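Going from the sequence shown to this note's numbering is simple: count from 1 and add 1132.
Built from N, CA and C at the ideal position, the CB exists for glycine as well.
Just so you know, these numbers come straight off a predicted model, no measurement behind them.
Before any comments, here is the structure.
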Amino acid sequence: MANRLILIASLVVLLSACASNEIYRSEFSDCVVTERQTCESHAIQLHNQGTDQEYLLGFVEIDDQGQLRNRAQMQVLLNELYALAAKESLLINVFVHGWHHSAAPGDANIESFKDSLAELSVIENKLHINTPRKVVGIYVGWRGESIAIPGVNNITFWDRKNTAHEVGHLGTAELLLRLEEIRNIKNTQEPPIKSRLIVIGHSFGGAAVYSATAQILADRFINSTKDKNYVGDAAGFGDLVVLLNPAFEALKYAPLYDLAQARCSYFPEQSPRLVILTSETDWATKYAFPAGRFFSTVFETHGAIERNDCNLPLSYSEGAADRQTAGHFKPLQSHELHPVDQNMTTTGYRQAKSIWRAQQSAAPMQFGHVELKSLGRTVAHNPYLNVKVDKRLIADHNDVFRPEIMEFVRMLIVISAAE
């Protein structure tokens, strides 16, 4: 009897510790944020109205099965963006959060995303004085936590990994494709400055974004359009996909790496299409991930990969690639990112595109307060970058909104979305 009571009590405690499974942004009307009006329950928010930091922020929430929590929430936002795109060009930025985060008001990722959008709006107004694009942010919220108790919630790593892939394959994929449709329709009207779409995912949010876009990226890279008679720049999804400390297997990234390696040269105008940034000291993806993958892959068979595309030798074990994350798997790393020496003059946003165009395989490139150094494993202007990040720039798994990193991401946006 006593054991039964203990079991029941334990179940009650566990159930009460479950993270919220409700929609957070349940009001679908527009709301202008002011000192007196926070608009926290609204799915569409206008921030810093009338200033050079103005941006529109929308929320789309997805459940554990990858389904939209309320289709009307997404549709109202899309309708708003269609209406805006009919009048002006848009710079759409999507952020998919990761482990331990959600769409709850006050979530640290939401606040950091807001700051980044405000700064991007300032830059957009400086670079395009007469025709700045309207900065739009879309925060994709899902249950990055299934247990709310600090410390205990660390056991949810693998549960949330599986959920992240569901979130990517289903709800996120539809949202991203519909946003790209808005971008494409607007751009057929030949505006002076084209609309652009940037997608960013962190941690398991990076896994969700990769699940949503990997096959599309492969299709766009090959671009087997009917009646095509030339090979141009490699296309991507939207204009740029950035993954910050993403938690998915290197083996999933390997096919895209192979695609890019098999092409021995790129035009100087080739923009980056997929950029993976992983801290060298991210314990979650460096240690916890392979520890869990060891047990889930123990009965699988793996071979060895040997490549020499474009005289760039590549050799690795499939088993190792199946256990390690893409960012920590050395054979597939292409670059390193380090802070710039304090005595060096930093570069500005207006210089970013020309620096990218002028790159050479062996020469490092300075973007703002960081230096991007090729490891010599890919040719110049390869649109897929898998970057090992110095711990001074990203200290751990969640330290991805550091000013130097956000500045570098914004420079990537400027390079990919310049016009």
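Assuming residue i and residue j form a contact by the criterion Cβ under 8 Å, report the distance between their Cβ atoms to the nearest whole angstrom.
i       : j       : result
Ser1327 : Arg1310 : Going by Cβ atoms, the distance from Ser1327 to Arg1310 rounds to 14 Å, so no, they are not a contact pair.
Leu1464 : Asn1518 : 6 Å
Pro1088 : Gln1456 : Lying before the first or after the last residue shown, residue 1088 is absent from the chain, which here runs from 1133 to 1551.
Arg1201 : Ile1242 : Incorrect: roughly 16 Å between the Cβ atoms, too far for contact.
Leu1222 : Leu1216 : 6 Å
Ala1379 : Ser1335 : 5 Å
Asp1414 : Asp1239 : At roughly 20 Å, the Cβ-Cβ gap does not stay under 8 Å, so Asp1414 and Asp1239 are not in contact.
Cys1163 : His1179 : Contact flag wrong, Cβ pair sits at about 10 Å.
Glu1193 : Gln1207 : Their Cβ separation, rounded to whole angstroms, is 13 Å, which puts Glu1193 and Gln1207 out of contact at 8 Å.
Leu1259 : Tyr1481 : 6 Å
Gln1402 : Ala1366 : 6 Å
Let me know the secondary structure DSSP gives residue i once reduced to three states.
i       : result
Asn1377 : coil
Ala1366 : coil
Lys1505 : strand
Met1543 : helix
Asp1162 : strand
Tyr1516 : strand
Val1272 : strand
Gln1498 : strand
Arg1157 : coil
Ile1330 : strand
Pro1400 : coil
Asn1285 : Here Asn1285 scores only 43 on pLDDT, less than 50, and its place in the model is too uncertain to base an answer on.
Pro1237 : coil
Leu1444 : coil
Gln1347 : helix
His1174 : strand
Ala1260 : Note on identity: in this sequence residue 1260 is His, with Ala being the wrong assignment. Here His1260 sits in coil by DSSP.
Glu1277 : coil
Leu1252 : helix
Phe1245 : helix
Lys1523 : coil
Thr1478 : coil
His1179 : strand
Val1511 : coil
Ser1299 : In the sequence on display, residue 1299 carries Val and not Ser. In this structure, Val1299 counts as helix in the three-state DSSP scheme.
Val1341 : helix
Check whether the Cβ of residue i lies closer than 6 Å to any heavy atom of the ligand SAM, and answer yes or no.
i       : result
Asn1294 : Among the ligands in the structure shown, none appear at all, so the ligand SAM cannot be discussed.
Between which two residues does the alpha helix (DSSP H) containing residue i stretch?
i       : result
Gly1190 : That residue, Gly1190, is in no alpha helix (DSSP H); its beta strand (DSSP E) goes Tyr1187 to Glu1193.
Tyr1214 : Arg1203 to Ala1217
Pro1422 : Phe1421 to Ser1428
Glu1167 : Careful: Glu1167 lies outside any alpha helix (DSSP H) and carries neither H nor E.
Leu1307 : Ala1305 to Asn1319
Ile1577 : Outside the displayed range of the chain (1133 to 1551) lies residue 1577, so it cannot be described from this structure.
Ala1484 : Ala1484 to Arg1489
Which stretch, first to last residue, makes up the beta strand (DSSP E) that contains residue i?
i       : result
Ala1436 : Ala1436 to Arg1439
Leu1383 : Taken as a continuous stretch (DSSP letters only), Leu1383 belongs to no beta strand (DSSP E), being part of the alpha helix (DSSP H) at Ala1382 to Gln1393.
Which residue or residues does DSSP assign as beta-bridge partners of residue i?
i       : result
Val1407 : Val1374 and Leu1517
Ser1449 : Ala1436
Glu1412 : Glu1412 pairs with nothing; no bridge assigned.
Pro1471 : Val1502
Thr1417 : Per DSSP, none; premise fails for Thr1417.
Val1267 : Leu1223
Leu1200 : Ile1194
Query raised in the report: Would you say the stretch 1377-1394 touches the stretch 1481-1497, given that touching needs at least three Cβ pairs under 8 Å?
Result: no
Report task. Evaluate contact between the stretch 1214-1234 and the stretch 1262-1275, counting only Cβ atoms and requiring at least three cross-stretch pairs below 8 Å. Result -> yes
Report task. Flag this pair as touching only if the stretch 1242-1253 and the stretch 1174-1189 have three or more C-beta atom pairs under 8 Å; answer yes or no. Result -> yes
**Report entry** Sufficient close CB pairs (3 or more, under 8 Å) joining the stretch 1366-1383 to the stretch 1542-1551
**Finding:** yes
Query raised in the report: Do three or more CB pairs link the stretch 1428-1435 to the stretch 1395-1411 at distances below 8 Å?
Result: no
Query raised in the report: Do the stretch 1342-1352 and the stretch 1299-1306 touch if we need at least three Cβ pairs shorter than 8 Å?
Result: yes
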